[in-house]
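Undergrad: Mapping to my numbering: the sequence shown position 345 is 528, numbers consecutive. Here it is, the structure in full.
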Amino acid sequence: MAFSNPKGIASISPGLRGTSYPGKSSEEIRNPNGVVANVARNGGNGNGRNRVAVGNNLRTVTQGSSCLATLGFGTESCWDSRTVDRMQLISDNRTMFNVIISSEPNVWETDQLMRMDVMRFKEYSGGPEADKVSIAKPDTWKLLEKAPTLLLYENQTRGQNAKIVRYGFVREVHVNPRYIFFHFQEEGRISRDVLLEFWTRLGLSTFEMNRTHWALKEGGIPSALKAKIVPYYDLVFSFAGEDRGYVEKVARYLRSKGVRIFYDKFEEAHLWGRDLAEHFDTVYGTSARYCVIFISESYVKKMWTRHERRTALARALKEHGEYILPARFDDTEVEGIRSTLAYISLKELKPSEFGRQILRKLGRETK
Numbered sequence: 184m185a186f187s188n189p190k191g192i193a194s195i196s197p198g199l200r201g202t203s204y205p206g207k208s209s210e211e212i213r214n215p216n217g218v219v220a221n222v223a224r225n226g227g228n229g230n231g232r233n234r235v236a237v238g239n240n241l242r243t244v245t246q247g248s249s250c251l252a253t254l255g256f257g258t259e260s261c262w263d264s265r266t267v268d269r270m271q272l273i274s275d276n277r278t279m280f281n282v283i284i285s286s287e288p289n290v291w292e293t294d295q296l297m298r299m300d301v302m303r304f305k306e307y308s309g310g311p312e313a314d315k316v317s318i319a320k321p322d323t324w325k326l327l328e329k330a331p332t333l334l335l336y337e338n339q340t341r342g343q344n345a346k347i348v349r350y351g352f353v354r355e356v357h358v359n360p361r362y363i364f365f366h367f368q369e370e371g372r373i374s375r376d377v378l379l380e381f382w383t384r385l386g387l388s389t390f391e392m393n394r395t396h397w398a399l400k401e402g403g404i405p406s407a408l409k410a411k412i413v414p415y416y417d418l419v420f421s422f423a424g425e426d427r428g429y430v431e432k433v434a435r436y437l438r439s440k441g442v443r444i445f446y447d448k449f450e451e452a453h454l455w456g457r458d459l460a461e462h463f464d465t466v467y468g469t470s471a472r473y474c475v476i477f478i479s480e481s482y483v484k485k486m487w488t489r490h491e492r493r494t495a496l497a498r499a500l501k502e503h504g505e506y507i508l509p510a511r512f513d514d515t516e517v518e519g520i521r522s523t524l525a526y527i528s529l530k531e532l533k534p535s536e537f538g539r540q541i542l543r544k545l546g547r548e549t550k
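This is the structure we're talking about:
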């Protein structure tokens, strides 16, 4: 039972540190484990300042676009000279997101079925939306599929992509007595360093980052974090401008079939203002399933295609798997592309025909 009275005294839940002050009304502050405190609105402690009573493991409190305070571990209180009219932590339209963490190296490096031990489900979780989800109630599993998901590895995990955090949605959730199974629809990636910039706002803790589990977090993923997500693609294209006429027809054909593709003309707004060398390192190095290289005499003469190719080759060498898909307009030799690497000749192949070849490579049905 929280400390309160009919006059709207701001209150603190039992067992959490804080102080109460009278105000005209109060509003809840929540963390992933439920209500932590109520804070006075339109009132204060007598000197025109609101004091926000705080427990542990809260996120940033804002008013409009301005930060009032960051409420973190061990914080007891914070002050502000303005009235706390609105807490971004609280919304009438409550949402949630999934955080799925594993210690097993490379377990997320697949487009096949993934799984999590049912005993680790809903650890470090809380909130009204999370409370609706139950392993025993299959009709609630759809709530997991509607929520955005962060898929990552424990801090101490080693592996080729151990520092990558994936953003997307879980799909086709089903359960047996031991595991929760799901597919993951990846939409983008960030680095672990970016995640750590937002970890308190996401309701994450040091212990949680070193524990294999599936958490359901209250609230939404911060828009500032989403802005740093690099989209994940089925394909990235590397080509010379002289060959754009053919390449663009392939790109438009594939996009019409629902293929996620990095083609510069489709990305103009996203690329605007970015450091392209740094961004292309990410795109060609970690952000796609395959890289299609359109080889021609013009291709080997370009600075940017050289940069793209070297980044793609570094990944292919590191992963020892299929990543680079060569497509040739002519027989030009390309540094780093071995003569034994199978390619497709484009000399007599229409863009739509090549597009259908790519769809088959992606495992998509073609008609």
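C-beta atoms are modelled at their ideal positions from N, C-alpha and C, and glycine is treated no differently. Only a predicted model underlies this, so the values are computations on that prediction, with no experimental measurement involved.
Just to confirm, is the Cβ distance from G538 to L437 under 7 Å?
TA: Yes. Within cutoff.
Undergrad: Taking R298 and F364 to be in contact with their CB atoms under 8 Å, please state how far apart those CB atoms are, rounded to whole angstroms.
TA: That pair is a contact at about 5 Å.
Undergrad: Among the residues of its own chain, which have a CB less than 8 Å from the CB of S374, if the five just before and after it don't count?
TA: Taken in chain order, the residues that qualify are K346, I347, V348.
Undergrad: How long is the line joining the alpha carbons of L335 and E287, rounded to whole angstroms?
TA: Their Cα atoms are separated by approximately 10 Å.
Undergrad: Quick one: any contact between the segment 450-459 and the segment 507-514, if contact means 3 or more CB pairs under 8 Å?
TA: Result no; under three Cβ-Cβ pairs closer than 8 Å.
Undergrad: Do I412 and G468 come within 7 Å of each other at the CB atom, strictly closer than that value?
TA: Result no, Cβ atoms of G468 and I412 do not sit closer than 7 Å.
Undergrad: Does the ligand PLP have a heavy atom nearer than 6 Å to the CB of Y336?
TA: As far as ligands go, the structure on display features none, and thus does not contain the ligand PLP.
Undergrad: What residue range does the alpha helix (DSSP H) around E369 cover?
TA: Per DSSP, E369 belongs to no alpha helix (DSSP H); it is in the beta strand (DSSP E), 362-374.
Undergrad: Given a cut-off of 7 Å on the beta-carbon distance, is the pair A434 and Y415 in contact?
TA: No, the pair does not count as a contact, with Cβ atoms beyond the cut-off.
Undergrad: Could you name the residues of the same chain whose beta carbon sits closer than 7 Å to that of L327, not counting the 5 residues immediately before and after it, in chain order?
TA: For L327, where only same-chain residues beyond five positions count, the Cβ hits under 7 Å are N281, V316, V353, V356.
Undergrad: When DSSP labels each residue in this structure, what does W487 get in the three-state scheme?
TA: W487: helix per DSSP, three-state reduction.
Undergrad: Which residue from G546, W487, K325, Y482 puts its Cα closest to that of E425?
TA: Considering only alpha carbons, the answer is Y482.
Undergrad: Here's the rule: buried if 16 or more other CB atoms are within 10 angstroms of the residue's CB, otherwise exposed. What is L418?
TA: The residue in question, L418, is buried, as its Cβ has 16 or more Cβ neighbours within 10 Å.
Undergrad: Does DSSP put V430 in a helix, in a strand, or in coil?
TA: Three-state result, V430: helix.
Undergrad: Determine the DSSP secondary structure at R543, reduced to helix, strand or coil.
TA: In this structure, R543 counts as helix in the three-state DSSP scheme.
Undergrad: Using C-beta distances below 7 Å, list every residue in its chain close to Q540, excluding the 5 sequence neighbours before and after it, in chain order.
TA: Closer than 7 Å at the Cβ level, and outside the excluded window around Q540, lie I527.
Undergrad: What is the DSSP secondary structure of P288, reduced to helix, strand or coil?
TA: In the structure shown, P288 sits in coil (DSSP, three-state: anything other than H, G, I, E or B).
Undergrad: Restricting to Cα atoms, I'd like to know which of A319, E451, V290, W382 is closest to T340.
TA: Here the closest residue by C-alpha is V290.
Undergrad: What ranges does the beta strand (DSSP E) occupy inside the segment 395-431, keeping only unbroken runs of at least 3 residues that lie completely in it?
TA: Those beta strand (DSSP E) runs which fall completely within the segment 395-431 and span 3+ residues are 396-401, 416-421.
Undergrad: With DSSP as the reference, label L334 as helix, strand or coil.
TA: In this structure, L334 counts as strand in the three-state DSSP scheme.
Undergrad: Taking the straight line between their C-alpha atoms, what separation do you get for E380 and F390?
TA: Near 17 Å, if we compare the C-alpha coordinates of F390 and E380.
Undergrad: Classify I284 as buried or exposed, calling it buried when 16 or more other Cβ atoms lie within 10 Å of its own Cβ.
TA: By the neighbour-count rule (16 or more Cβ atoms within 10 Å), I284 is buried.
Undergrad: Thinking just about the alpha-carbon of each residue, which of L542, S439, V517, H503 is nearest to the one in Y480?
TA: Inspection of the sequence shows that residue 480 is occupied by Glu rather than by Tyr. Comparing Cα positions, the closest option is V517.
Undergrad: Tell me whether G441 sits in a helix, a strand or coil according to DSSP, three-state version.
TA: In this structure, G441 counts as coil in the three-state DSSP scheme.
Undergrad: Run through the DSSP bridge pairs and tell me what A510 is partnered with.
TA: Answer is F477, I527, bridged to A510.
Undergrad: Roughly how far, in whole angstroms, is the beta-carbon of R551 from the beta-carbon of H453, given that I think they are within contact range, below 8 Å?
TA: The chain is shown only over 184 to 550; residue 551 falls outside these bounds and no answer can be derived.
Undergrad: Given a cut-off of 7 Å, decide if E369 and G140 are closer than it, judged by their beta-carbon atoms.
TA: As shown, the chain starts at 184 and ends at 550. That puts residue 140 outside it, with no answer to give.
Undergrad: Between A495 and S421, which are expected to be in contact by the criterion C-beta below 8 Å, what is the C-beta distance as a whole number of angstroms?
TA: Yes, they are in contact, since the Cβ atoms of A495 and S421 sit about 7 Å apart, within 8 Å.
Undergrad: Take W324 and list the residues in its own chain whose beta-carbon comes closer than 7 Å to its own, dropping the five residues that flank it on each side.
TA: These residues qualify, in order along the chain: V356.
Undergrad: Pick out whichever of K432, E337, I444 has its Cα sitting closest to the Cα of P534.
TA: It is K432 whose Cα lies nearest to the Cα of P534.
Undergrad: In chain order, what residues of the same chain lie with their CB nearer than 8 Å to the CB of Y429, ignoring the 5 residues before and after it?
TA: Around Y429: F477, F512, L529, P534.
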